[in-house]
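According to my numbering, the residues represented by the sequence shown are 369 to 839, in order. C-beta: ideal position from N, C-alpha, C; glycine also.
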Amino acid sequence: MRARLILGWLVVLTMVAAIGYAQTPPASMPGSAAQGAPGSAPTLPPRPLSLAEALETARASNPAYLTAVSDRSPAATQSLSSAVTLFTPSVNVQGGGGWNQKGNYSLQGLSFDTPRGDASQWQVNFGYTLSGTTIANRGFAAAQLRAADQMIASQRTILETSVEQEYINLLEARAQADLAQHEVARAQELLNLAQAQYNVGQKTIIDVKQAQVTKGNADVALLQAQQNVQTEVLKVYQLMGVPVPVGVEVVPTDTFPVTQPAWSQDTLVALALAENPVLTALRARAEGARWNTRAAYSTYLPTLRLSASYGKYRQTTWQQATQNGVPIGPDTIVVHTIGTNPPWNFQIGLSLPIFDAFARNAQISQMRANERDLQLSIRAQELTVRANVGAAYLALVTAYRTIAVQANNRAAADDALSLAEEQYRVGSGSIIQLNDAQIASEQAGVSYVNAVYDYHKAVAALEQAVGQPLR
């Protein structure tokens, strides 16, 4: 009896090994997690993608970020124009000329000759205006340029944290695909074992069918995991602003360590209040609003205007020579030239507004309201930053602690699965118990991977809330 039992187990183990070798595809075959979508192996070698490369490409190609960069040009031009207007005069040159043909015209029965001639003139004008509005416009333009720079910094921070988050999502998707591939191999082993034991009469066909269902579910989970990898690749390249390489498997190369958070919440809040790009952009806009208010008040001040001009005028007339009203000859021409060289013209003026039907009061009231609105927006954003940083920090601490809990759960689920497999092999356990243990182990593995990448996502979210990289 004991010899028959030993012989039976030898047959089972031999069949398990043979079936497993025949049915388990090698890692390089289409359909494995390392090759992307099933049935469509890439035609080119894998394309490595580092986070640094993804960030550099995004800064050079992302349309939304480049739009923010291009919006700086008008602000820079306005700042330069206001500086030139404040410190230099305006200059313009004008000139002209004319020609008239010889002729005659009649007036009250009398005929008058019109001589042939031409005329030309040119003039250079200089002007300078100084007022409170001119000075305030200079400050407003400079504040607008600083606001544009801060907006670019804000968009850059948002872009970089978004790319980092999607890169982490891609890493997580690949880890889940690898885990799904492992579950497929484990389900195949269970099916091989159930089939072998059924062949020797130790298990029923129910065990085989149950194992086939488990294997089918694992195959579906793998397909979904591989599709998720491709989706995350599309999202990463969308943020990078370039098309996804065709026929190439994109492989992220960076990894991120899991370390205990060493920051304090108060330190992070203080850093965010000082460096958050959204806050700094709002403060720059508020500075511009203050200059607008000053410009509105400056309309009560006098305006100084200076102007100077210099030019020349020349007129030439051709007329046939006559004697006693009779032309001397067709080729005898008398030329009359008039040339003027006027002196420099210089003017200075001062104007002071007295009454404008309260238009200035209305403008000042509007500018002060805009300034108050921006101050309230800054206060609201500061409260938002405090709340976001606090929530992100708490989420990070929780995510770090969750990793240890999920690691223990995974180890316990793996031990339970090993015990269930051993019991099934010796015939003391059922296929249902083994399947339940396998599902629990799979869920524990997924939960552990989720916990690890939830930690990395929490770090990225904290960086976005603070507005600065933290690792």
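Contained beta strand (DSSP E) runs [length at least 3] in the stretch 772-814, N- to C-terminal order: none
Given residue 533 as reference, the closest of 573, 623 and 518 once Cα atoms are compared: 623
Determine the closest residue to residue 468 out of 506, 488, 460 and 815, with distance taken between C-alpha atoms. 488
Enumerate in chain order the residues of its own chain whose CB-to-CB distance from residue 390 is below 8 Å, with the five nearest sequence positions on each side excluded. Unreliable placement is indicated for residue 390, whose pLDDT of 34 sits below 50; no coordinate value is reported for it.
Can you name the start and end residues of the alpha helix (DSSP H) that residue 659 belongs to? Annotation for residue 659: the continuous alpha helix (DSSP H) segment containing it runs 645-665.
Suppose contacts are defined by Cβ-Cβ distances below 8 Å. Is residue 523 in contact with residue 605 by that definition? No, these two residues do not count as a Cβ contact at 8 Å.
Let me check one thing: in DSSP terms, what residues is residue 768 bridge-paired to? Note: residue 768 sits in no beta bridge, so no partner.
In whole angstroms, what is the alpha-carbon distance linking residue 465 and residue 486? The straight-line gap from Cα to Cα measures roughly 7 Å.
Assigned secondary structure, residue 508 (DSSP; H/G/I helix, E/B strand, else coil): helix
What's the gap between the Cα of residue 782 and the Cα of residue 819? 17 Å
Local conformation of residue 369 per DSSP, three classes: With a pLDDT of 40 at residue 369, under the threshold of 50, the predicted position of this residue should be treated as unreliable, though the coordinate-derived value follows. In this structure, residue 369 counts as coil in the three-state DSSP scheme.
Buried/exposed call for residue 505, threshold 16 Cβ in 10 Å: buried
For residue 714, list the residues DSSP reports as bridge partners. The partner list for residue 714 (beta bridge, DSSP) reads 676.
Say whether the stretch 511-531 touches the stretch 555-563, bearing in mind that this needs 3 or more beta-carbon pairs closer than 8 Å, one atom from each stretch. no
According to the neighbour-count rule (16 or more other Cβ atoms, all chains shown, within 10 Å of its Cβ), is residue 412 buried or exposed? exposed
Under three-state DSSP, which class holds residue 412? coil
Based on Cα-Cα distance, which residue from 608, 751, 677 and 732 lies nearest to residue 716? 677
For residue 834, the three-state DSSP class (helix, strand or coil): helix
Taking DSSP as the reference, what is the three-state secondary structure of residue 458? Three-state result, residue 458: strand.
Along the chain, where does the beta strand (DSSP E) containing residue 597 start, and where does it finish? Not the beta strand (DSSP E): residue 597 falls in the alpha helix (DSSP H), residues 573-608.
Would you call residue 461 buried or exposed, if buried means 16 or more other Cβ atoms sit within 10 Å of its Cβ? exposed
Sequence-distant residues of the same chain with beta carbon closer than 7 Å to residue 810, five excluded per side: 551
By DSSP, does residue 431 sit in helix, in strand, or in coil? helix
Nearest-angstrom Cα distance between residue 591 and residue 578? 20 Å
Please name the residue in 830, 838, 821 and 826 whose C-alpha comes closest to that of residue 543. 821
C-beta contact flag for residue 786 and residue 621 at 8 Å: no
What do you get for residue 652, buried or exposed, if any count of 16 or more other CB atoms within 10 angstroms of its CB means buried? buried
Looking only at its chain, what residues have a beta carbon closer than 7 Å to the beta carbon of residue 765, apart from the 5 residues adjacent to it on each side? 629
Alpha carbon to alpha carbon, how far is residue 435 from residue 421? 21 Å
Distance, Cα to Cα, residue 593 vs residue 548? Looking at the two C-alpha atoms, the distance is approximately 7 Å.
Which of the three DSSP states is assigned to residue 741 in this structure? helix
Nearest-angstrom Cα distance between residue 528 and residue 603? 14 Å
With residue 761 and residue 636 assumed to form a contact (beta carbons below 8 Å), what rounded beta-carbon distance in angstroms separates them? At roughly 6 Å, the Cβ-Cβ gap stays under 8 Å, so residue 761 and residue 636 are in contact.
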